[in-house]
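All remarks here apply to the structure that follows.
Residue numbers (our numbering): 787 to 1131.
Quick look at the structure:
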């Protein structure tokens, strides 16, 4: 892989932060030769640069545009950088992408859009599951809408980045003293974050994409189970639990619910405990009742709602061996037939 250097002599265009997480910095940059835009993920130092699982997963799933090593000049430390296509706002941040749009921007609004949303998300996840790959952290922060066709027009770029937030870097947990130690030269003075996401397409749900495979792995080489609170399966409480496709299915059910109503199915750990302790009949009732309360379409189309509830529940069985992707596909076909019938009438 080619090696690049970061430093005063680097004349590349500036980076714009798109997302922040504990293990990486998600950025957007303009590729100076082709004038194309890419998403750039700079991995933290502890990530393996000779055998990086995320890099291999992105390559195997066709998401990796290129990769290279970055040499941080002040510290002489080498970081692996993964380049992918840019994406729209995450499901979690979609309210910030459509401030002038009534309701929740990017939320399915009728029978057809609900069907397309569910179908696209299932197919995207099942596609890498069929390759023996699990994501490890399916959540609303790792599912994105597509980009608006004018996302990189000058006015759109200005709107996305005019509300930059400057976060100052400071040294935490310092002992009380009159003089603090000098900030290490390898640290910047501040980090720029931006408040608004890139202009996104909140109407075409076939453009949905999955991002951030940093906790992903292979069924044959599993890693410790991680994930996002409220989206991790019940088995995460076991210190020895490993990530798996079955764990992904639980998280996928939670994400489907959030995507449809823009609310967490489990807002607290207590909510999840209640669900886990309930019978399967009561679990299904919890999902069905919440869908009815939160979305008008599901109040008007009872059969459609119940099928959607059964689909989500088929992925969210407490016993991992009962989580059934094939059953979810069957319920998806029922949703498609219902939607087609509505269109014909």
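Think of the CB as a built atom: it goes at the ideal place given N, C-alpha and C, for glycine as much as any other residue.
DSSP three-state call for residue 1057: helix, strand or coil?
The residue labelled residue 1057 in the question sits at position 271 within the chain shown. Helix at residue 1057.
Answer yes or no: do residue 977 and residue 955 have a C-beta to C-beta separation smaller than 9 Å?
Looking up residue 977 in the chain shown gives position 191. Looking up residue 955 in the chain shown gives position 169. Yes; because the gap between Cβ atoms is below 9 Å, this pair is in contact.
For residue 869, I'd like the list of residues in its chain whose CB is within less than 6 Å of its CB, leaving aside the five on either flank, ordered along the chain.
As a working mapping, residue 869 is identified with position 83 in the chain shown. Closer than 6 Å at the Cβ level, and outside the excluded window around residue 869, lie 824, 826, 851, 852.
What does the Cβ neighbour count give for residue 972, buried or exposed, with the cut at 16 atoms within 10 Å?
Taking the chain shown and counting its residues from 1, the one referred to as residue 972 is at position 186. Residue 972 should be labelled exposed.
Pairwise C-alpha distance: residue 857 and residue 1063:
Your numbering for residue 1063 matches position 277 in the chain shown. Your numbering for residue 857 matches position 71 in the chain shown. The straight-line gap from Cα to Cα measures roughly 51 Å.
Under DSSP, the beta strand (DSSP E) around residue 913 begins and ends at which residues?
Looking up residue 913 in the chain shown gives position 127. Here residue 913 belongs to no beta strand (DSSP E); instead the alpha helix (DSSP H) covers 897-915.
C-beta atoms of residue 892 and residue 1016 nearer than 9 Å:
Position 106 of the chain shown holds residue 892. Position 230 of the chain shown holds residue 1016. Not a contact, by the Cβ cut-off of 9 Å.
Identify the continuous beta strand (DSSP E) that holds residue 976 and give its terminal residues.
For the purposes of this step, residue 976 is identified with residue 190 of the chain shown, where counting begins at 1. Unbroken beta strand (DSSP E) run through residue 976: 976-980.
Roughly how many whole angstroms lie between the Cα atoms of residue 1123 and residue 1102?
On the chain shown, position 337 is the one that residue 1123 refers to. On the chain shown, position 316 is the one that residue 1102 refers to. Whole-angstrom Cα-Cα distance: 23 Å.
In whole angstroms, what is the alpha-carbon distance linking residue 966 and residue 933?
As a first step, residue 966 is located in the chain shown; it is residue number 180 there, counting from the start. As a first step, residue 933 is located in the chain shown; it is residue number 147 there, counting from the start. Straight-line Cα distance between these residues: approximately 45 Å.
Could you tell me the alpha carbon to alpha carbon distance between residue 840 and residue 847, rounded to whole angstroms?
Taking the chain shown and counting its residues from 1, one reaches residue 840 at position 54. Taking the chain shown and counting its residues from 1, one reaches residue 847 at position 61. If I take the Cα positions, the gap works out to 11 Å.
beta-carbon residue 996 near the ligand FAD non-hydrogen atom, thresh 8 Å:
Because no ligand of any kind appears in the structure shown, any question about the ligand FAD cannot be addressed here.
Span separating the alpha-carbon of residue 1005 from that of residue 914:
To locate residue 1005, count along the chain shown from 1; it is residue 219. To locate residue 914, count along the chain shown from 1; it is residue 128. Those two C-alpha atoms are separated by around 11 Å.
How is residue 1127 classed by DSSP in three states: helix, strand or coil?
Taking the first residue of the chain shown as 1, we reach residue 1127 at position 341. Reduced to three states, the DSSP call for residue 1127 is helix.
Give the DSSP bridge partners of residue 1134, in chain order.
Past the edges of the chain, shown from 787 to 1131, lies residue 1134, and the structure says nothing about it.
C-alpha gap between residue 1047 and residue 860, whole angstroms
On the chain shown, position 261 is the one that residue 1047 refers to. On the chain shown, position 74 is the one that residue 860 refers to. Rounded to the nearest angstrom, the two C-alpha atoms are 47 Å apart.
Note down, in chain order, each residue of its chain lying with its Cβ closer than 8 Å to the Cβ of residue 922, except the 5 sequence neighbours on either side.
Translated into the one-based positions of the chain shown, residue 922 becomes position 136. Result list for residue 922: 999, 1000, 1001, 1002, 1003, 1009, 1011, 1012, 1013, 1029, 1033, 1034, in chain order.
Helix, strand or coil: which one does DSSP assign to residue 1114?
Taking the chain shown and counting its residues from 1, the one referred to as residue 1114 is at position 328. Residue 1114 falls in the helix class under three-state DSSP.
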